[in-house]
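Undergrad: Protein chains in written order, with my numbering: chain A, 39 to 406; chain B, 4 to 525. Note that beta-carbon positions come from the ideal geometry of N, C-alpha and C, so glycine has one too. Just so we're clear, the structure is a prediction, and the values are computed from it rather than from any experiment. One structure, as structure tokens, below. Some questions next.
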Amino acid sequence: MSEQKTTRDQPSLNVGKLIRWIAGILLLALIGWRVYQTAFIEGSYGPDTWMRFIIAGLIIGGMYSLIAIGYTLVYGILFMINFAHGEVMMLGAFGGYFIFELLASIKAPSVSDPNMNFLNAYPVISVLLAFIVGTVVSAVAGLLLERIAYRPLRKAPRLVPLISAIGASIFLQNAAQLLFGPQRRQYINPVILWRGTGWSIPVGDTTVLLTYTGTLSLVLSALLMIGLFLVVQKTRLGRSMRAVAENKQAAALMGIDVDDVIGKTFIISGVLAGAAGVMWGIHNGLFNHYVGFLPGIKAFTAAVLGGIGNIPGAMMGGMLLGLLESVGPAALGIDFQLKDVIAFTILILVLIFRPSGLLGEALSEEKV
Amino acid sequence: MRTTIKNGIRFGAIISVVIIFFHLTGFSVVAANMIGGLFGNVDKNTALAQLPTINLAIVISLIGLIAGGSASKNTKTDSWTNAIVSGTVAGAFSGLFVAVFVYLIGIANFLEVDLRSYLPEIGPDNIDYLLFGGKASANFLYLGLLTISGLAGAAFSKGIIRANWRKQVQADSVQSFNAFIQKPGIQKVFNNKIVVYAFLAAAAFLLYFLPTKWGPYWNFIMGTVGIYILLGLGLNIIVGLSGQLVLGYVAFFAIGAYTFGLLTAPEPHAIGMNFWLAIVFAILAAALTGVLLGLPILNLRGDYLAIVTLGFGEIIRILIKSDMLTDFTNGPSGLSDLVQPKWLGKTFNDVNYFHLTVIFVIIAIFIANRLQYSRTGRAWLAISADQTVARATGINTFKYNLLALALGAAFAGLGGALFASRNQFTGPEDHILMVSINVLCLVIVGGMGSLPGVVVGAFVLKGVPELLRDLENYRLLAFGALLVMMMVMRPEGLWPKGRPEMETLYYRKHPKDSPPDGEVQS
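Shown next as structure tokens:
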């Protein structure tokens, strides 16, 4: 932070700042005009389509938020980009998938249907089990990652753990490919959670489908976020996490086992990523060993968007990114292929105009 | 004794996980095949059923030796019993865990449960082989083999440590080498210009004649290594010298390749520009992109810069691929039939391409070397050490950072143009994030800020994997694991850069002023 303060104090740079702001306002005006054009003048999409975009954005945004919290927690404590976090999510998706397959192969004959399997006979338990196993797999992966790849590098220069994380990410991706094969797999959900079924909400003259899987994802991510917030704010562990993020040495002097807290942070972020992975599988269906990569990068973008180190920021950033990504291409009247471009452009713009993120970063003074 | 046994169990667990992982990914079978290749009891057409089981036993025993050795080395006490017990326990426990695993897959095989749709490498044939030809006693075989090899590994490793053999050999060889180097006669030879020129001439001779001998395949591989050296030199200026982390280096590579491609390809524009002119334009376009990207973002903090540039690289790739720009860039199908250079009316073949790459690499190394030791290079050094202090001493950090980015981008542009021209094709899939990561890794594996390090890194990351074609599927896996191990064990790189150069140079010229502890030597 000190660095940026000095830049701000230099009067010579104020002209540059002025130019930047003028450019920003012009850009905003341009975007506004473009949105006005496509949404109201051309009217290419009706309100039902907008509704669909918003729902899809919120659902994907919930998953981004869960992953982004993992980035933000780790960055807040260790000041490192946990590049392998997306892969942790991928492992969670595999965990949930295998549980579904296992349960589907167990017979549970009932009176009405002798061919019933466990998955459809006890769908609530099955989904719960899938989430539990997925989160446990991811939590273990996160913990091992920290132990093997990051802990020995606690005092190394900042590039070193980043490279280690990149290495771990490549390793996990390829290990999953070699173990489980490169083909795409599909989650076979219980019948009551079938993809493409849901409630129809009337909007205007048509209806918009709110899928069960999407609702499950959204509600569950909201619950997990509330839970995380309570853990961080109300429990002893949360207090020690905040203390370690603030100042490791002082925390150690107050009797906090710093290594232990860091390990638990990785477990928590692994749990959230694993839940996001299972949701991804249940909601989107198709996945393979590569599934974690893009959501991982997007989620980091979301964390930066909200202000890194800031947990509410990560939640908001994820939701915002999901929304913008799904509504953006339509609102700007451009190709849907370019939704990733929108995500990254937003990131660049936010960093240029508000480098500390929308809600401000919450990092300690020792390393900024 | 209890800690010794605990230590052994820990190592046993780790090693058993490794062996099970090897079994599940099919690596054990590949390794057994390779052992067979060494012994000559296997040829390329040997089916899995005919593969001798002794090969698997050798693979398992080798792993057991390593397990026992590392477990005994970790005991840190000086007693033979502790070392032996630890190694044997490690071997026995890994054997136990693996035996349980093998038992389970054996049962699965017996019940004819097909695991292949979940674990593709665990088919009935593989399981048979991993059970030493379907023997019921395979569990005991694993247990016995691993226990014995663990014991042997422990004894062997302890023996070596006891005899202080390795340390001694290392110390002796290093000392005698240093003494040899420092003899006045030898120094004279090394400083003799004729000798230096002779070395250079020999190197040039080799570089000139080798490509004609080793065929197109190796020319291609070595050409790729050369291009990656160019990229590494460029990124080394940005990351190694000025200390800014850029993860989207591929963007400049793509700009170079596409500028070259669009100017020379018959489709979609048919400009048909000359090779040499197109290369210049590619370099300029990449450098310009570097400046334009750098202007708004260079004030950002390290990690933000990394993620912004990463995003920028992805944006460039997606834009190239998108339908919106298909008329301009040919979209996902890419640009083909790019122009090849001509010299005296002759079109380049693979040997000439290799020579061209070498010439560019030599020029790039020359430029990078001169830059590093110039005033600009010292400014970068200061910035990477501490930006605030550098600014306080009157260095215009923004200007120098921008210069570094532009120069690095220019190198990438050259590399991209060469790459596109040699392949006569460039498409969006040539410019994925993995390229940036590879280049960054080669800079770091070689040693940040060190020019020989870049060359070593490029050979290690792009050349060596080509030698291991048998292990193609496992290449990236090993690459990831090696990166982690390298960062944990040797983060400074294979060929780290020396101390800040001006300081050493000064002390070499004025030996009287050098610090009393004699610490500062190049």
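Name the chain B residues that come within less than 7 Å of N212/A, Cβ to Cβ?
TA: The sequence position of residue 212/A within the first sequence is 174, counting from 1. L479, L480, G483, listed in chain order.
Undergrad: Would you call the region 218-231 of chain B and the region 389-404 of chain B touching, i.e. three or more CB-CB distances under 8 Å?
TA: no
Undergrad: Using 10 angstroms around the beta-carbon of G162/B, count the other beta-carbons present and answer buried if the total reaches 16, otherwise exposed.
TA: The residue you call residue 162/B lines up with position 159 of the second sequence. Result: exposed.
Undergrad: State buried or exposed for S31/B, treating a residue as buried only when at least 16 other CB atoms are found within 10 Å of its CB.
TA: Working through the second sequence from its first residue, we reach residue 31/B at position 28. Burial call: buried.
Undergrad: List the residues of chain B whose Cβ lies closer than 9 Å to the Cβ of Q375/A, in chain order.
TA: The residue given as residue 375/A occupies position 337 in the first sequence. Ordered by position in chain B, the residues that pass the 9 Å Cβ test against Q375/A are I321, K324, S325, D326, M327.
Undergrad: Run through the region 14-43 of chain B for me and flag every whole alpha helix (DSSP H) of 4 or more residues, listed as ranges in chain order.
TA: 30-42
Undergrad: Helix, strand or coil for Q53/B? Go by DSSP, reduced to three states.
TA: Here residue 53/B corresponds to residue number 50 of the second sequence, with the count starting at 1. In the structure shown, Q53/B sits in a helix (DSSP, three-state: H, G or I).
Undergrad: Could you tell me which chain B residues have their CB closer than 8 Å to the CB of V342/A, listed as they occur along the chain?
TA: Along the first sequence, one-based indexing puts residue 342/A at 304. Residues of chain B passing the Cβ test: Y307, I310.
Undergrad: Can a CB atom of chain A be found closer than 8 Å to the CB of I447/B?
TA: Here residue 447/B refers to the residue found at position 444 when the second sequence is read from its first residue. Chain A places a beta carbon closer than 8 Å to that of I447/B, counting this residue as a contact.
Undergrad: Note down the Cα distance separating L51/B from R5/B, rounded to an integer number of angstroms.
TA: Translated into positions along the second sequence, residue 51/B becomes position 48. Translated into positions along the second sequence, residue 5/B becomes position 2. Straight-line Cα distance between these residues: approximately 43 Å.
Undergrad: Any chance the region 189-207 of chain B sits against the region 441-457 of chain B, with 3 or more Cβ pairs inside 8 Å?
TA: no
Undergrad: If we count the other Cβ atoms within 10 Å of its Cβ and call it buried at 16 or more, is N10/B buried or exposed?
TA: One-based indexing of the second sequence puts residue 10/B at position 7. It counts as buried.
Undergrad: Please list, in chain order, the chain A residues whose beta carbon lies closer than 8 Å to that of G275/B.
TA: Residue 275/B sits at position 272 when you count from the first residue of the second sequence. Simply none; closest approach about 30 Å.
Undergrad: Using a Cβ-Cβ cutoff of 8 Å, what residues of the region 6-28 of chain B are near chain A? List them in chain order.
TA: F24, L27, T28
Undergrad: Run through the region 98-154 of chain A for me and flag every whole alpha helix (DSSP H) of 4 or more residues, listed as ranges in chain order.
TA: 123-143
Undergrad: Tell whether a beta-carbon distance below 8 Å holds between F138/A and L166/A.
TA: Position 100 of the first sequence, counted from the first residue, corresponds to residue 138/A. Position 128 of the first sequence, counted from the first residue, corresponds to residue 166/A. Against a cut-off of 8 Å, the Cβ pair of L166/A and F138/A comes out as no contact.
Undergrad: What did DSSP end up calling W498/B once you bin it into helix, strand or coil?
TA: Reading the second sequence from its first residue, position 495 is the one you call residue 498/B. Note: W498/B maps to coil in three-state DSSP.
Undergrad: Taking C-alpha atoms, which residue in G252/A, G344/A, I372/A lies nearest to I92/A?
TA: Position 54 of the first sequence holds residue 92/A. If we check each option's Cα against that of I92/A, G252/A comes out closest.
Undergrad: Answer with buried or exposed for A182/B, where buried requires no fewer than 16 other C-beta atoms within 10 angstroms of its C-beta.
TA: The residue you call residue 182/B lines up with position 179 of the second sequence. Flag for A182/B reads exposed.
Undergrad: How far does the alpha helix (DSSP H) with V199/B in it extend, from its first residue to its last?
TA: Mapped onto the second sequence, residue 199/B falls at position 196. That run of the alpha helix (DSSP H) goes 196-238.
Undergrad: My understanding is that A93/B touches I18/B, with C-beta atoms under 8 Å, so please give their C-beta distance in whole angstroms.
TA: Walking along the second sequence from the start, residue 93/B turns up at place 90. Walking along the second sequence from the start, residue 18/B turns up at place 15. Rounded, the Cβ-Cβ distance is 7 Å, consistent with contact.
Undergrad: Less than 7 Å between C-beta atoms, sequence neighbours within five positions excluded: which residues of the same chain meet that for G246/B?
TA: For the purposes of this step, residue 246/B is identified with residue 243 of the second sequence, where counting begins at 1. Spatial neighbours of G246/B in its own chain (CB-CB distance under 7 Å, excluding positions within 5 residues in sequence) are listed in chain order as I386, S387.
Undergrad: Taking the straight line between their C-alpha atoms, what separation do you get for L359/A and G99/A?
TA: Taking the first sequence and counting its residues from 1, one reaches residue 359/A at position 321. Taking the first sequence and counting its residues from 1, one reaches residue 99/A at position 61. Cα to Cα, L359/A sits roughly 6 Å from G99/A.
Undergrad: Work out the CA separation of S453/B and G418/B for me, nearest whole Å.
TA: Locating residue 418/B in the second sequence gives position 415, where the first residue counts as 1. Locating residue 453/B in the second sequence gives position 450, where the first residue counts as 1. Roughly 19 Å between the two C-alpha positions.
Undergrad: Roughly how many whole angstroms lie between the Cα atoms of G351/A and V342/A?
TA: Here the question's residue 351/A lines up with position 313 in the first sequence. Here the question's residue 342/A lines up with position 304 in the first sequence. In a straight line, the C-alpha of G351/A is about 8 Å away from that of V342/A.
Undergrad: What are the boundary residues of the beta strand (DSSP E) that includes T249/A?
TA: Residue 249/A sits at position 211 when you count from the first residue of the first sequence. 244-249 is the extent of the beta strand (DSSP E) around T249/A.
Undergrad: What residues in the region 176-190 of chain A have a beta carbon less than 8 Å from any beta carbon of chain B?
TA: I186, A187, P190
Undergrad: Could you check what DSSP says for I239/A in three-state terms: helix, strand or coil?
TA: On the first sequence, residue 239/A is found 201 positions in, with the first residue counted as 1. I239/A: strand per DSSP, three-state reduction.
Undergrad: Please determine, among F357/B, N277/B, G147/B, the residue with the shortest C-alpha to C-alpha distance to T215/B.
TA: As a first step, residue 215/B must be located in the second sequence, where it is residue number 212. Selected option, being the one with the closest Cα: F357/B.
Undergrad: Please decide whether E317/B counts as near chain C, where near means a Cβ-Cβ distance under 8 Å.
TA: Protein chains in the displayed structure are A and B, and chain C is not among them.
Undergrad: Could you tell me how far apart the beta carbons of P85/A and G242/A are, in whole angstroms, since I believe they sit closer than 8 Å?
TA: As a first step, residue 85/A is located in the first sequence; it is residue number 47 there, counting from the start. As a first step, residue 242/A is located in the first sequence; it is residue number 204 there, counting from the start. The pair is a contact, with the Cβ atoms about 5 Å apart (cut-off 8 Å).
Undergrad: If we ignore side chains and look at the alpha-carbon of each, how far apart do N322/A and A314/A end up?
TA: Counted from its first residue, the first sequence places residue 322/A at position 284. Counted from its first residue, the first sequence places residue 314/A at position 276. N322/A and A314/A: Cα-Cα distance of roughly 11 Å.
Undergrad: So which of L296/B, G40/B, G147/B, F212/B has the shortest CA-CA distance to L405/B?
TA: Position 402 of the second sequence, counted from the start, is the residue given in the question as residue 405/B. For L405/B, the nearest C-alpha among the options comes from L296/B.
Undergrad: Spatial neighbours of G380/B within its chain, please: C-beta separation below 8 Å, excluding the five flanking residues on both sides.
TA: Here residue 380/B refers to the residue found at position 377 when the second sequence is read from its first residue. So the qualifying residues of the chain are L244, L374.
Undergrad: Whose C-beta lies closer than 7 Å to the C-beta of L486/B among residues of the same chain, with five residues either side of it excluded?
TA: In the second sequence, the residue the question calls residue 486/B occupies position 483. Correct list, in chain order: C444.
Undergrad: For the structure I just gave you, are there three or more beta carbon pairs, one from the region 288-296 of chain A and one from the region 363-381 of chain A, closer than 8 Å?
TA: no
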